[in-house]
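Numbering-wise, the numbering used here comes out as the position in the sequence shown, counting from 1, plus 14.
Glycine included, every Cβ here is placed at the ideal spot set by N, Cα and C.
Reading through the structure tokens given below for one structure.
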Amino acid sequence: MVLRAGHGGRGSASFRREPFIPHGGPDGGDGGRGGSITLKATTQVTDLSLYKQRSHWEAEPGANGAGGRKTGRTGADLELEVPVGTLVLDEKGGLIADLALPGARAVIAHGGAGGRGNVHFKSSTRHAPDYAEPGLKGEELSVTLDLKLIADVGLVGAPNAGKSSLLSSLTAARPQVANYPFTTLDPALGVADSTGGRIVIAEIPGLVEGASRGAGLGHRFLRHAERTRILVYVVDGSAADPWKDLAAVMSEIERFSPELALRPHLTVVNKVDLDETQRLRKRSRRKGVHYVSALSGEGLAELMEATVRSLASAPEPMAPARSATIKLPSRVPANLVVERKNWGFEVLGDRVEHLVERTNMDSEGSLERFQTELDRLGVNDALEAAGIQPGETVRIAGVEFEYQP
Ligand SMILES: Nc1nc2c(ncn2[C@@H]2O[C@H](COP(=O)(O)OP(=O)(O)O)[C@@H](O)[C@H]2O)c(=O)[nH]1
Ligand SMILES: [Mg+2]
Numbered sequence: 015m016v017l018r019a020g021h022g023g024r025g026s027a028s029f030r031r032e033p034f035i036p037h038g039g040p041d042g043g044d045g046g047r048g049g050s051i052t053l054k055a056t057t058q059v060t061d062l063s064l065y066k067q068r069s070h071w072e073a074e075p076g077a078n079g080a081g082g083r084k085t086g087r088t089g090a091d092l093e094l095e096v097p098v099g100t101l102v103l104d105e106k107g108g109l110i111a112d113l114a115l116p117g118a119r120a121v122i123a124h125g126g127a128g129g130r131g132n133v134h135f136k137s138s139t140r141h142a143p144d145y146a147e148p149g150l151k152g153e154e155l156s157v158t159l160d161l162k163l164i165a166d167v168g169l170v171g172a173p174n175a176g177k178s179s180l181l182s183s184l185t186a187a188r189p190q191v192a193n194y195p196f197t198t199l200d201p202a203l204g205v206a207d208s209t210g211g212r213i214v215i216a217e218i219p220g221l222v223e224g225a226s227r228g229a230g231l232g233h234r235f236l237r238h239a240e241r242t243r244i245l246v247y248v249v250d251g252s253a254a255d256p257w258k259d260l261a262a263v264m265s266e267i268e269r270f271s272p273e274l275a276l277r278p279h280l281t282v283v284n285k286v287d288l289d290e291t292q293r294l295r296k297r298s299r300r301k302g303v304h305y306v307s308a309l310s311g312e313g314l315a316e317l318m319e320a321t322v323r324s325l326a327s328a329p330e331p332m333a334p335a336r337s338a339t340i341k342l343p344s345r346v347p348a349n350l351v352v353e354r355k356n357w358g359f360e361v362l363g364d365r366v367e368h369l370v371e372r373t374n375m376d377s378e379g380s381l382e383r384f385q386t387e388l389d390r391l392g393v394n395d396a397l398e399a400a401g402i403q404p405g406e407t408v409r410i411a412g413v414e415f416e417y418q419p
């Protein structure tokens with residue numbers, strides 16, 4: 015994914031106009047700073063699909079300065095929302111940011127500073143500076159987004175099965191527990207200390223909870239489940255038909271992702287402190303089911319042991335399930351690109367753009383060197399090849415020139 019922050023606005027080289035004074039003092043204001051690009055972690059977004067569809071993002075440039083010491087408007091920042099657990103890596107795989115918590119933000123590409131207007135360049139020897147600085151280029155970089163696992167274990171099940179209660183009995187987390195179907199809407203996380211080390215457990219909000227909030231939401235929650243290594247199906251043993259509830263949840267998961275349905279899982283019947291659940295336990299011949307009570311703590315130690323064993327043998331999830339990695343070649347051209355526009359020609363290229371930014375267009379000496387360098391970099395050839403005519407406009411790094419071979 016290529017992120018390009020906004021170019022800084024150009025400083026203005028303007029002079030005050032006053033009646034009877036042919037040349038007022040310089041009053042050109044500064045260019046505005048270009049917008050930056052920020053990534054923000056949110057639970058509202060659960061995957062990186064948006065960034066697979068669109069790989070180029072640009073923030074707004076700063077506006078140019080103007081006469082009357084007017085500073086150009088700052089370019090608007092661009093804030094891109096990514097799922098919690100997104101890693102931002104540079105081209106070599108180095109970590110730029112770890113957006114592990116909801117609300118975490120990182121500025122990834124900084125906007126270019128605005129150029130100074132000519133009011134700054136007045137000195138005792140120079141009363142009428144007729145130049146101003148160009149704005150600086152916004153940072154441009156190619157990054158890879160990688161989505162970490164949010165948890166080792168995902169608790170899934172119907173509303174009121176006791177997912178939140180289990181999470182709070184197994185870990186120090188204190189999710190909302192309530193006896194009605196509209197509770198958790200974000201995955202709540204907790205950490206359990208076990209013989210197998212730290213285990214991160216996530217409560218995946220119920221499908222019915224999601225479905226009742228509008229179509230597709232249930233599936234949005236299930237995307238969180240994809241980012242766990244094993245699933246624990248939680249069933250309310252005191253419900254009218256617990257096995258039917260279990261089947262409903264499993265088929266919903268199957269419908270969402272057959273791969274997810276095949277992931278290692280445990281089945282937990284909760285509320286074994288209640289008579290209905292006790293009776294179910296006596297009646298049922300199902301094997302491999304863990305009967306527990308989040309309330310009394312019964313069966314929880316055994317459940318944790320089974321979880322540790324299951325995690326130990328669980329394969330590392332396949333790449334697409336575990337991490338939606340976007341790898342794109344860097345678009346930033348080391349060499350030269352000439353693009354025809356309706357107003358003239360735009361020249362793109364790291365080296366030539368840096369050259370323009372470094373050059374003080376006011377000094378004869380540096381202008382001469384600039385021309386030679388442009389030629390050496392092949393800019394003139396490239397423009398000729400693109401069919402440029404004398405007098406047409408060329409823009410390099412935000413600075414415009416008239417082409418005169
Ligand atoms: N008797 C009993 N009630 C429980 C148990 N676990 C949860 N509950 C109750 O079941 C209701 C729903 O629990 P909650 O954890 O919010 O379920 P969730 O919707 O799956 O997160 C709450 O009223 C809990 O107090 C349990 O082991 N035994
Ligand atoms: Mg809950």
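Glu72 is bridged by DSSP to Arg18. The beta carbons of Gly25 and Asp44 sit closer together than 7 Å. Rounded to whole angstroms, the Cβ separation of Gly302 and Thr281 is 7 Å, and the two are in contact under 8 Å. Closest in C-alpha terms to Ser182, from the list Ala308, Glu95 and Ala172, comes Ala308.
The three-state secondary structure of Asn132, taken from DSSP, is helix.
The closest heavy atom of ligand 2 lies less than 6 Å from the beta carbon of Ser178. By the beta-carbon neighbour count (other beta carbons within 10 angstroms, threshold 16), Asn78 is buried.
Under the three-state reduction of DSSP, Thr52 is assigned to strand. Between Gly22 and Gly128, the gap from beta carbon to beta carbon is short of 7 Å. Within the stretch 153 to 201, the complete alpha helix (DSSP H) segments at least 4 residues long are 177 to 184, listed from N- to C-terminus. Per DSSP, reduced to three states, the secondary structure at Ala275 is helical.
By the beta-carbon neighbour count (other beta carbons within 10 angstroms, threshold 16), Ser380 is exposed. For Pro97, the enclosing beta strand (DSSP E) stretches over residues Leu92 to Pro97. The nearest non-hydrogen atom of ligand 1 is 6 Å or more from the C-beta of Val351.
Here Leu64 is exposed. Its C-beta has fewer than 16 other C-beta atoms within 10 Å. Residue pairing for Asp250: DSSP places it in a beta bridge opposite Asn284. Under the three-state reduction of DSSP output, Ser28 falls in the coil class, being neither helix nor strand. Classified as buried, Leu184 has 16 or more neighbouring CB atoms from the shown chains inside 10 Å of its CB. Residue state for Ser208 is assigned as strand, using DSSP reduced to three classes. In this chain, the alpha helix (DSSP H) harbouring His368 covers Asp364 to Arg372. In the three-state reduction of the DSSP assignment, Arg243 falls in the strand class, which pools E and B.
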